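Numbering (the numbering used here), first residue to last: 1090 to 1449.
For each residue, glycine too, the CB sits at the ideal point set by N, CA and C.
This one's a predicted model, so the numbers in the text were calculated from it and none came from an experiment.
Data block below; observations after.
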Ligand code: PEP
Ligand code: MN
């Protein structure tokens, strides 16, 4: 699959003056709930109304969606508000039903993208469709799995394609529900600059008060759109309550976000610079996080040494680390002088932490 300008035709055809906005509840719960949210989103920047009908739940026993019945409610949404509709499909029966009910945009969830069998089944059922199909990243940070899904759909002659970045699952607890790993989406964007890229800050953050910041980062990275879970009574939502925002909050966010409009020639430079700076910010944050982790481990070593009364500084070990890092650095174009300086500083900080523990 080659990058091609054709990939973004469907998005360009919408001729939007702002990023694409997909909003609506995590799950369709009742006909009233679906319609009242949709009505609150009418006459806003929202382009597609989302609602999950078949909900992939990690553990059984939670609300698993209203099923095909919800498709009728989505049809009502379109008839009564004029907003186009979107839902998640996870097998060929879902695809069949969604197409029969004229759903305009189908997305493939993170738990489906991990399975080439399911993706192939969905691609075969969708073959040749003129509906928009968006592929969420797989649960695990694996770019080829994501690309593989896109290729299977592309090969099935589905032309209105795009991707949704919803973050990645980790064993470690972080401030995110699913860590963004922005560099992975940036890599995809660099490979396929014409493939529409949409951010789902709701599933990345898991918390409504973090959604704005993540959305802004996505826009600064030139993402093409946002998918934001929206509910008139978020706290009482039947799924993903903590991460849904009210329609009023969504509209406010759309006003407050710095949008990067399509630009004239001169502004191209400004856009590119902002994009590159955001990439640097993302990497700097990762550096600080990684250094923080390193110090935590160093402290644990300090505590362990304390139990055996061992000295903090162990020269052999230190020289071994330095030698390895100078070689690694060389392969990445980093000078020996820089690597030495940086590791001396890191090492000193580790020693300071360990000494504090030994003296405590
Ligand atoms: C959703 O969009 O509600 C959903 C289940 O998303 P994901 O596949 O990203 O978990
Ligand atoms: Mn959800």
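Asked	Found
Whole-angstrom distance between residue 1090 and residue 1442, CA atom to CA atom	51 Å
Cutoff 7 Å; reference residue 1337; Cβ partners in own chain excluding five residues on either side	none
C-alpha distance - residue 1225 paired with residue 1105, whole-angstrom precision	22 Å
Presumed contact (8 Å Cβ cut-off) between residue 1160 and residue 1190, rounded CB distance	4 Å
Beta-bridge pairing of residue 1243 - partner residues as DSSP gives them	None; residue 1243 has no bridge partner.
Proximity below 9 Å, CB of residue 1255 to CB of residue 1293	yes
Proximity test, residue 1443 beta-carbon vs the ligand MN heavy atom, cut-off 8 Å	no
Contact test: residue 1200 Cβ vs the ligand PEP heavy atom, cutoff 8 Å	yes
CB contact flag (residue 1211, residue 1184, <9 Å)	yes
Test item: CB-CB of residue 1114 and residue 1326 under 9 Å	yes
Option nearest residue 1179 by Cα separation, candidates 1173, 1141, 1167 and 1149	1141
Check: residue 1156 C-beta below 8 Å from any heavy atom of the ligand PEP	no
CB of residue 1203 within 9 Å of CB of residue 1234, strictly	yes
Collapsed DSSP secondary structure at residue 1436 in the structure displayed	helix
Assigned exposure category for residue 1137 - 16 Cβ within 10 Å defines buried	buried
Residue closest to residue 1163, alpha-carbon to alpha-carbon, out of 1153, 1194 and 1230	1194
Cβ neighbour criterion (16 or more within 10 Å) applied to residue 1387	buried
Residue 1116, DSSP secondary structure in three states	strand
Contact belief for residue 1170 with residue 1117 at Cβ below 8 Å, rounded distance in angstroms	Not quite, the Cβ-Cβ distance comes to about 15 Å (not below 8 Å), so this is no contact.
Closest by C-alpha distance to residue 1101, when choosing among 1285, 1238 and 1417	1285
Whole-angstrom distance between residue 1356 and residue 1274, CA atom to CA atom	24 Å
Residue 1402 - DSSP class collapsed to helix/strand/coil	coil
Outcome for residue 1267 when other beta-carbon atoms lying within 10 angstroms are tallied against a minimum of 16	buried
Selected residue, minimal CA-CA separation from residue 1252, among 1314, 1300, 1377 and 1214	1314
Through-space distance from residue 1290 to residue 1318, alpha-carbon basis	9 Å
Residue 1257 in three-state terms, based on DSSP	strand
With 16 other Cβ atoms within 10 Å as the buried cut-off, status of residue 1333	buried
Lining residues of the ligand MN - beta-carbon closer than 5 Å to any non-hydrogen atom, in sequence order	1115 and 1329
DSSP three-state assignment for residue 1318, whether helix, strand or coil	strand
C-beta contact flag for residue 1133 and residue 1428 at 9 Å	no
Cβ-heavy atom distance, residue 1177 to the ligand PEP, below 8 Å	yes
Unbroken beta strand (DSSP E) run spanning residue 1175, endpoints	1173 to 1177
Rounded straight-line distance, which links the Cα of residue 1119 to that of residue 1328	13 Å
Any non-hydrogen atom of the ligand PEP within 8 Å of residue 1348 CB	no
As assigned by DSSP and simplified to three states, the class of residue 1155	coil
Helix, strand or coil at residue 1312 according to DSSP, with G and I counted as helix	coil
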